[in-house]
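J.:
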Amino acid sequence: MKSLIFRTITPVIVSVMVLFSIFVLLRGHNEPGGGFIGGLIAVAALSIYGIAFGVETVRRAIVFHPLSIAGAGLLLATLSGLLSMFFKVPFMTGLWVYPVVLGEEIPLSSVMTFDIGVYLVVVGAVTSIALSLEERGED
Amino acid sequence: MNVTDLTFLALCLPFLGALFAPLLTRMFGHNAAWVLALIPAAIFVHFSGFAAEIAQGTAVTGGYTWVPSFDVRFSWLIDGLSLSFILLISGIGALIVLYAGGYLKGHPHQGRFFSFLLMFMGSMLGLVASDSFLMLFVFWELTSITSFLLIGFDHHREAARRAAFQALVVTGGGGLFLLAGLIVLWNISGVTQFSALTALGPLVKASPLYLAVLVLVLGGAFTKSAQFPFHFWLPNAMEAPTPVSAYLHSATMVKAGVYLLMRLNPVLGGTPEWQLILPMFGAATLVIGALLAVRQTDLKLMLAYTTMSSLGLLVMLTGFGAPYAIEAAVLYLVAHSLFKGALFMVAGIIDHETGTRDVTRLGGLRSAMPLTFAIALAAAISMGGLPPFFGFLAKEEVYAVLSSSDPRSIVFAVLAIIGNALMFAIAFAVALKPFAGKPVATPKHAHEAPVLLWLGPAVLALAGLAAAVLSGAVHALFSTPMASAIAGEPRAVAISLVPHIGVPLALSVLTIVIGIALYIGLARVRAGVASALAWIGWGPDRGFDQAISGLVRLSFAITRRLQNGRLDSYMTMTFVAIAVVLLVPPFVFGELALAPVFPSIPLHELAIMIIAVIGLFAVVLAKDRLTAIVSLGIQGFSVAVIFLLYGAPDLAFTQFMIETLAVVILALVMTRLRLSPSDRRPFRQTLPDAAIALACGLGAGLLLLKVTQVPFDTALSDFFAQYSKTIAHGANIVNVIIVDFRGTDTLGEIAVVMIAGLAILSLVRLRAGSLRRIADNDPDAEEAGR
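Just so you know, the sequences run in chain order U and S.
Under my numbering, the first residue of the first sequence carries the number 1, and numbering increases by one thereafter.
Under my numbering, the first residue of the second sequence carries the number 140, and numbering increases by one thereafter.
See below:
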């Protein structure tokens, strides 16, 4: 799209949206949010970026093929589920650790990595759809 | 290692061997056969160890738990019946492996062949050793699959592919009947093991489902054992290399059906239906098979049709119900495995050394191939039922069963004499004709076969002699326990080579006289049968092709109707179905929602609802498609706001994102599709579309109303509210459900998202040109192209 205003404002909006999507992803366990919603926000950000600067720019920006991102997410989610089996508890049981960093207790869990996997799958799969459609729109 | 583990290892060994067979063949060439034959030989030795114990009348069982929640075990039952089968399979198997080493010497895929052969052997061993129903079924289908691989081994020939496909369809399809039959049996009896089922025979026979079980089980057994009218795949399977024919289609696989009938005889046998259906089909198969055999001039095909006859005789005897019938079936089964395996291998040797299997183009081979001639003659004598071979004992016992004066016995005796006399003639046509008379020029210069080729048939032919001479020991160790296991009660087999003057011997002599007459007049009989068949002009083999092409046509007709490639008709079908599902059940079951009482709605909520409705009107009235899509977003956002107001922030959040993305993606699709900017459906199409849309909306509305009017069960929400924080360490219940309580569901869902992404990507990437592939699958187009 050739609009100068749109092109100028897009990087700002997109970076805020991506940051926000990660924020939504991480807060999800206790407040509204989570991998699905976070992923969708990120997809919206990438779509806007694509509309402003073209598909190639987005593809360069995210480095990997969107479906590779989705695949990595699915792998991460599966591994998070499998992890519990090494501790002799059933598949998909949540495991938690509470390391203290700089005096601050940080709860980390296999549930969180699972949610990150969800986020990556949504980002990858839906971005792949949106980008391929935009690409075809151009030719 | 205890006996159980060793037995399990023995059952796995052929599959392990199959893994290494290609490697060994690469290392040692055809001599790998000597190594690979050790596998069946080891199995033979292991199971022989049970013989003395089983001769006492006990059965050896063992196994492991497989699926405990369904009471499914991987368990085996070694009794007289399965032991005899196991020893035949492994013993003949060892000889066949050696034979294949010679027969396929230098073949580029010999290793693959050994691999298939061993896999088949493992499946067959598992089948006869199975105690559990499911295990039997799994191995049953494995024999179908592995025999598919073996029959289609020469896959570059269309005839071989067709034969393999046909055998798979017939025997694999029959296996599904068997599965259904076993499930019904399980339902009636409550047990999943044959060892426990035997005692429940009266219960099964008294069940109203008895006939269903019988028909289903027979559907499996008759297809596997090539009973008329399912026999046609067996002669076609002669497309396989001869070692396969000798092994699968004489000694083992085709006997699986007979094995099943014998195994279930104590449970299903003895009823009027059993004693009617089995002898009827068996006798029909016996006579038809023998007549069709006479028609052939190809050695292998002649043998194949007599195998069909023999299977008919076995089925007939298993169901006959008269004294000694089971004993006769046992003796004939063993005798047949020995002589038919040998004769097939002889046919293969003749083919291998002379280059032809056509009996009319062979003659005078006795001086070139004396050893093969001796082997062939020995096997044929056994097949013809002449002393001093085991076939003689079997035939005497058969006639002992039938030499009764009631009309049923007389009818079957006549049929048996016809069948046996024809088989006698065929036996010598295969074993004598190519060797006797003046030498005939053959495609290859005939000479004696190498040791790998003659060893197998020689051992089998000698075994036929030894078993008859040592009949006392054979009966004590094998025949008696096997007959007892089939009968479900102790039986004793006592027949020996010493002939008893009586009706059976007279019938034997009669059979032989007729047989010799048929042998002399074979060319004339062949012409007669050929003209009779030409007059009929149709057989199950052609019927099979017609059925398959009919099936393909039917599926194409249905596909053309349902999958016509028009998106609007898919949408119409989908939404009509949704409307029907939503609207019909409430009316049929009287579950309609009550008229709602309108609550007082605060002004801001009312305003949002009005915006949503306005959005809908905008969609319907929009001049162009892009406006309609964006207007749909208005409605979606309003609904999201309603979610927000009613305390579902997660849902609202997601809805916002989905709406945004939906508008973006729909708009992109629109530009991609290059549709006309506005909707130009004619009125006669918009009217039904609108009606369907309204019906769906009405249905969904009624459903939601009804849902709000039934009492709300809070058990689940209470559970999640209570444990979300304490167990899953999360305050956001929705998220905790998604990633923790029901995380496995989510894993499945994201996999679906991923696959949907892949699918859409490939759809978008499809070029118009690649669509033509679908049209290439049109069978009519294919035929037109030929």
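Note that beta-carbon positions come from the ideal geometry of N, C-alpha and C, so glycine has one too.
(1) Can you tell me the Cα-Cα spacing of U:S109 and U:T93, whole angstroms?
(2) If you follow the alpha helix (DSSP H) that S:R505 is in, where does it begin and where does it stop?
(3) With distance defined between alpha-carbon atoms, name the residue in S:T204, S:E888, S:L800, S:E492 nearest to S:F244.
(4) One question on the structure: do S:V309 and S:F369 come within less than 8 Å of each other, judged by their Cβ atoms?
(5) Looking at the strands, I want to know which residues DSSP matches up with U:V121.
(6) Determine, for S:L842, whether the minimum Cβ-Cβ distance to residues of chain U falls below 8 Å.
(7) Of all the CB atoms in chain U, is at least one closer than 8 Å to the CB of S:V892?
(8) For a contact defined as C-beta to C-beta under 8 Å, what are the partners of U:I37 on chain S?
(9) For the stretch 352-368 of chain S and the stretch 193-213 of chain S, state whether three or more C-beta atom pairs, one from each stretch, are separated by less than 8 Å.
(10) Within 10 angstroms of its Cβ, does S:G924 collect 16 or more other Cβ (buried), or is it exposed?
(11) Is the CB-CB distance between S:A360 and S:I231 below 8 Å?
(12) How many whole angstroms separate the CB atoms of S:L400 and S:T457, which I take to be in contact at a CB cut-off of 8 Å?
(13) Could you check whether the Cβ of U:L67 sits closer than 8 Å to any Cβ belonging to chain S?
(14) Quick one: is U:S3 near chain S, going by C-beta distance under 8 Å?
(15) Would you check whether the ligand GDP has a heavy atom nearer than 7 Å to the C-beta of S:S543?
(16) How about U:A52: is its C-beta nearer than 8 Å to some C-beta of chain S?
(17) Taking just the CA atoms, how far does S:L152 sit from S:A181?
(18) Quick check: what's the CA-CA separation for U:G117 versus U:F36?
(19) Using the Cβ count rule (16 or more neighbours within 10 Å means buried), how would you classify S:S909?
(20) Put S:R820 into one of helix, strand or coil per three-state DSSP.
(21) Per DSSP, what kind of secondary structure is U:L108 in: helix, strand or coil?
(22) Going by beta carbon distance, what residues of the same chain come within less than 7 Å of S:F333, once the five residues before and after it are set aside?
(23) Indicate whether the contact test is met: 3 or more Cβ pairs, each with one atom in the stretch 769-786 of chain S and one in the stretch 737-755 of chain S, closer than 8 Å.
(24) Give the DSSP-derived three-state secondary structure of S:L243 in the structure shown.
(25) Does any residue of chain U have a CB that is nearer than 8 Å to the CB of S:L155?
(26) Using a Cβ-Cβ cut-off of 8 Å, state whether S:D818 counts as contacting chain U.
(27) Going by beta-carbon coordinates alone, are S:H586 and S:A507 separated by less than 8 Å?
(28) For the beta strand (DSSP E) containing S:W215, list its first residue and its last residue.
(29) What residues of chain U sit near S:N871, judged by a beta carbon separation below 9 Å?
(30) How close, in whole Å, do the beta carbons of S:L289 and S:V383 come, if the pair is a contact with beta carbons under 8 Å?
(31) Can you confirm whether S:R764, when its beta carbon is compared against all beta carbons of chain U, has any partner nearer than 8 Å?
(32) Please state the DSSP three-state secondary structure of U:S3.
(33) Out of U:L131, U:A52, U:T10, U:T78, state which residue places its alpha-carbon closest to the alpha-carbon of S:T885.
(34) Kindly list, in the order they appear in chain U, the residues whose Cβ is closer than 7 Å to that of S:A895.
(35) Verify whether the separation of the beta carbon atoms of S:Q249 and S:T164 is less than 8 Å.
(36) Cβ of U:V121 less than 8 Å from any chain S Cβ?
T.: According to the structure data:
(1) 10 Å
(2) Run containing S:R505: none; DSSP gives neither H nor E here.
(3) For the sequence presented, residue 244 of chain S should be read as Lys rather than Phe. Out of S:T204, S:E888, S:L800, S:E492, S:E492 has the C-alpha closest to the C-alpha of S:K244.
(4) yes
(5) Paired residues: none, contrary to the question.
(6) no
(7) yes
(8) D789, F792, T793, M796
(9) no
(10) Per-residue confidence for S:G924 stands at a pLDDT of 40, beneath the threshold of 50, marking its modelled position as unreliable; no derived number is given.
(11) No. Outside cutoff.
(12) Contact annotation, S:L400 with S:T457: C-beta distance approximately 5 Å; criterion of less than 8 Å satisfied.
(13) yes
(14) no
(15) Only the bare structure without any ligand can be found here, which leaves the ligand GDP out of the picture.
(16) False, the Cβ-Cβ gap to chain S never drops below 8 Å.
(17) 9 Å
(18) 10 Å
(19) At S:S909, the pLDDT of 49 sits below 50, so the modelled position is not reliable and the matter cannot be decided from this model.
(20) It is coil, neither helix nor strand.
(21) strand
(22) L216, D270, R402
(23) yes
(24) coil
(25) No, S:L155 lies away from the interface with chain U (no Cβ there is under 8 Å from its Cβ).
(26) Cβ-Cβ to chain U under 8 Å: no for S:D818.
(27) yes
(28) 211-217 is the extent of the beta strand (DSSP E) around S:W215.
(29) R27, G28, H29, N30, E31, P32, G33, G34
(30) 5 Å
(31) no
(32) The answer is coil: DSSP assigns U:S3 none of H, G, I, E or B.
(33) Residue U:T78 is the option with its Cα nearest to S:T885.
(34) A125
(35) yes
(36) In terms of beta-carbon proximity, U:V121 lines the interface with chain S, with at least one pair separated by less than 8 Å.
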